[in-house]
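Numbering (our numbering), first residue to last: 6 to 378.
For each residue, glycine too, the CB sits at the ideal point set by N, CA and C.
To start, the structure under review is shown below, and the notes come after it.
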């Protein structure tokens, strides 16, 4: 798998065997009721020192079932951290994996709740195994996982400072500016139109935006198509061909006009409530992005960085993972830069560093080769 994803062992060394556990734990539905959620924990064996903990949030998934193994790209990332001595928690979020209810896509509060409760469940597992960490907690994730890790960092800082502390975070290619930067993408040709109904259906549930049938906002035949595909049994790649290339073209005109012209339109207010760029991180944060990302515009990372700087944060940095990389390729290099960033804290840095110069050079060679294809 290291060869498959072109991950150099000099950057991600394989030092330890690992044990893998599946967890079922309790978290909250959006109305505060308790529900079950699930996730996976990767634990390195026989580490010389107590390991740090990483919580990795995965990208968009509409199929409920979760694969298990190194062939899953994001679990391969988790394994890459674990074999180098990190305990890695990998939550399914609400409504995915073996959890109850259905998934609330890009809903910041439920993403943070599910992630924090997964961290707690992981700590409880470690205690049962008579293991412990060194106290460092890192947060990262890609695409939706970037949004979720950002939401979790903010939630821990603002609500749980007496219980846990974020050592550093590295959100990657997340839609932190849903109401502006990412909204604009929905009015243009877009490769993944299936993201839009996933988001709208989730917000309709959370904020009770539409009485009756939630599919009434969609034009025919998309109302029927969406109802069929979003049942937890399909992949995003299955639905995209059945939706318009300009995502907003599946929405009835009266809703689109309100969304554009009325800042108090409930749909727009719901999206704005889940923006994550306007706050001041008190722990180091690295924002990874790629300028050619065709799914999550790089403007999300720029908006977050500039706003956080204006808010007084001195601990936020940008990491451009590649000028020519698409969303999938960007994930590989962003993850390697994230590992270098987190490794610097294990080596004693307080604010985070770019990482070992030789390893950065190796990554740079890989980028040159990939960019030339």
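Between the Cα of residue i and those of the options, spot the shortest distance and give me the residue it belongs to.
i, options, result
"residue 143", "155, 187 and 126", "155"
"residue 252", "295, 120, 300 and 109", "300"
"residue 22", "105, 89 and 246", "89"
"residue 69", "100, 60 and 96", "100"
"residue 344", "314, 57 and 185", "57"
"residue 374", "341, 360 and 327", "327"
"residue 261", "188, 54, 105 and 71", "188"
"residue 182", "308, 60 and 273", "308"
"residue 30", "97, 280 and 36", "97"
Could you tell me if residue i is buried or exposed, where buried requires 16 or more neighbouring beta carbons within 10 angstroms of its beta carbon?
i, result
"residue 50", "exposed"
"residue 178", "buried"
"residue 372", "buried"
"residue 311", "exposed"
"residue 392", "What is shown of the chain runs 6 to 378, which leaves residue 392 out entirely."
"residue 269", "exposed"
"residue 19", "exposed"
"residue 176", "buried"
"residue 198", "buried"
"residue 206", "buried"
In the DSSP assignment, find the alpha helix (DSSP H) that holds residue i and state where it starts and stops.
i, result
"residue 159", "149-164"
"residue 206", "200-212"
"residue 131", "113-133"
"residue 333", "332-351"
"residue 370", "362-376"
"residue 229", "227-234"
"residue 244", "241-244"
"residue 309", "304-315"
"residue 62", "No alpha helix (DSSP H) holds residue 62; the beta strand (DSSP E) holding it covers 57-62."
"residue 294", "It is not in any alpha helix (DSSP H) - residue 294 instead sits in the beta strand (DSSP E) that spans 290-295."
Below 8 Å between beta carbons: does that hold for residue i and residue j?
i, j, result
"residue 111", "residue 350", "no"
"residue 294", "residue 325", "yes"
"residue 171", "residue 138", "no"
"residue 32", "residue 119", "yes"
"residue 290", "residue 320", "yes"
"residue 161", "residue 202", "no"
"residue 44", "residue 95", "yes"
"residue 35", "residue 190", "no"
Alpha carbon to alpha carbon, how far is residue i from residue j?
i, j, result
"residue 318", "residue 221", "43 Å"
"residue 219", "residue 209", "7 Å"
"residue 286", "residue 352", "22 Å"
"residue 332", "residue 265", "27 Å"
"residue 134", "residue 159", "30 Å"
"residue 306", "residue 249", "27 Å"
"residue 122", "residue 215", "30 Å"
"residue 223", "residue 302", "25 Å"
"residue 257", "residue 192", "13 Å"
"residue 42", "residue 108", "10 Å"
"residue 46", "residue 236", "27 Å"
"residue 228", "residue 370", "47 Å"
"residue 339", "residue 217", "42 Å"
"residue 163", "residue 240", "35 Å"
"residue 150", "residue 336", "11 Å"
"residue 226", "residue 247", "9 Å"
"residue 28", "residue 62", "15 Å"
"residue 243", "residue 55", "43 Å"
"residue 358", "residue 346", "6 Å"
"residue 169", "residue 263", "42 Å"
"residue 204", "residue 362", "40 Å"
Counting contacts by CB-CB distance shorter than 8 Å, is residue i in contact with chain C?
i, result
"residue 163", "Although the question refers to chain C, the structure presented lacks it and comprises just one protein chain."
Under DSSP, the beta strand (DSSP E) around residue i begins and ends at which residues?
i, result
"residue 40", "39-49"
"residue 33", "23-33"
"residue 324", "321-327"
"residue 91", "91-96"
"residue 176", "173-177"
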